[in-house]
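Since the structure comes first, as structure tokens, the remarks are kept for the end.
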Amino acid sequence: DRKSTGVMEALAHKIITNASSDEIELANVGVQQVNELVPLAFERPIQCEAMFRITFVVGGGKKVRQKFYEHLPRDLCLALTGIGYADDRGAYLSLDCQGTFKYQHDTDKDLKFVHVFPRVEIVSSGEGGNKDSHDLREKASQHCLEAEMELFQDVVERKVTSFSQLKALLALLKDAATRFEALEAQMASGVGTL
Numbered sequence: 000d001r002k003s004t005g006v007m008e009a010l011a012h013k014i015i016t017n018a019s020s021d022e023i024e025l026a027n028v029g030v031q032q033v034n035e036l037v038p039l040a041f042e043r044p045i046q047c048e049a050m051f052r053i054t055f056v057v058g059g060g061k062k063v064r065q066k067f068y069e070h071l072p073r074d075l076c077l078a079l080t081g082i083g084y085a086d087d088r089g090a091y092l093s094l095d096c097q098g099t100f101k102y103q104h105d106t107d108k109d110l111k112f113v114h115v116f117p118r119v120e121i122v123s124s125g126e127g128g129n130k131d132s133h134d135l136r137e138k139a140s141q142h143c144l145e146a147e148m149e150l151f152q153d154v155v156e157r158k159v160t161s162f163s164q165l166k167a168l169l170a171l172l173k174d175a176a177t178r179f180e181a182l183e184a185q186m187a188s189g190v191g192t193l
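Under our numbering, think of the first position of the sequence shown as 0, with each following residue one higher.
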């Protein structure tokens, strides 16, 4: 219907214009709305300054279950696959993972998520995209994840000067924590990680 189409267009517009990591709850959204949203938001590369992730809340336990369409996780994943995205359980916040998604059931929060790593076109805020500066950004991100706490705090204090940088760093750290938890769970269960 016309009203739901307008809501999905507005949500797609928000995803494209914000071009930053965000969590969006898809409560009371059905298959038709998912099939409208996915191509609008993710079919074409999104221009942004850094890779980002959209996390859709798609279900959960008893407390929230009634707010979500029963087959929402499956239908969202099918819609993403339909536009050429790949299901990658190892996906993380990196340019190497653009065009992928992964499903996650967070038992601590008792919520179900689909993390989408959109196709992006990196552009610099001052000038056209510069591949070397993006390679440096990727290396800096990796250094932040590997640094000793004292060095990490010093780098953040001196180099993270804007809210958008802080927000991107927080998204990077959250994604790394999610990947670490998934690997730890695989190791604990005896399932191979390769």
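Even glycine gets a Cβ: it sits at the ideal position worked out from N, Cα and C. Just so we're clear, the structure is a prediction, and the values are computed from it rather than from any experiment.
Is the Cβ-Cβ distance between residue i and residue j less than 7 Å?
i, j, result
"residue 92", "residue 153", "no"
"residue 23", "residue 40", "no"
"residue 33", "residue 75", "yes"
"residue 119", "residue 38", "no"
"residue 169", "residue 159", "no"
Specify, as a first and last residue, the run of the alpha helix (DSSP H) that residue i falls within.
i, result
"residue 74", "71–81"
"residue 21", "Where residue 21 is concerned, there is no enclosing alpha helix (DSSP H), although the beta strand (DSSP E) it sits in stretches over 21–24."
"residue 30", "30–41"
Can you tell which of the options has its C-alpha closest to the C-alpha of residue i?
i, options, result
"residue 101", "77, 108, 62", "77"
"residue 67", "25, 44, 45", "25"
"residue 141", "112, 85, 122, 171", "171"
"residue 36", "8, 48, 144, 118", "8"
"residue 98", "109, 187, 27, 42", "42"
"residue 105", "145, 165, 55, 143", "55"
Go to residue i, then tell me how far its beta strand (DSSP E) extends in each direction, as first and last residue.
i, result
"residue 110", "110–116"
"residue 62", "Unbroken run through residue 62: none, as it is neither H nor E."
Go through its chain and collect everything with a Cβ distance to residue i's Cβ below 6 Å, but skip five positions before and after it.
i, result
"residue 83", "none"
"residue 107", "none"
"residue 51", "19, 20"
"residue 103", "112"
Once the 5 residues before and after residue i are set aside, which same chain residues still bring their CB inside 7 Å of it?
i, result
"residue 96", "87, 90, 116"
Please list, in chain order, all residues of the same chain as residue i whose beta carbon is under 8 Å from its beta carbon, the five residues on each side excluded.
i, result
"residue 184", "none"
"residue 16", "none"
"residue 122", "46, 47, 48, 128"
Rounded to whole angstroms, how far is the Cβ of residue i from the Cβ of residue j, which I believe are closer than 8 Å?
i, j, result
"residue 113", "residue 57", "5 Å"
"residue 110", "residue 155", "Not confirmed; about 29 Å, so no contact."
"residue 28", "residue 71", "7 Å"
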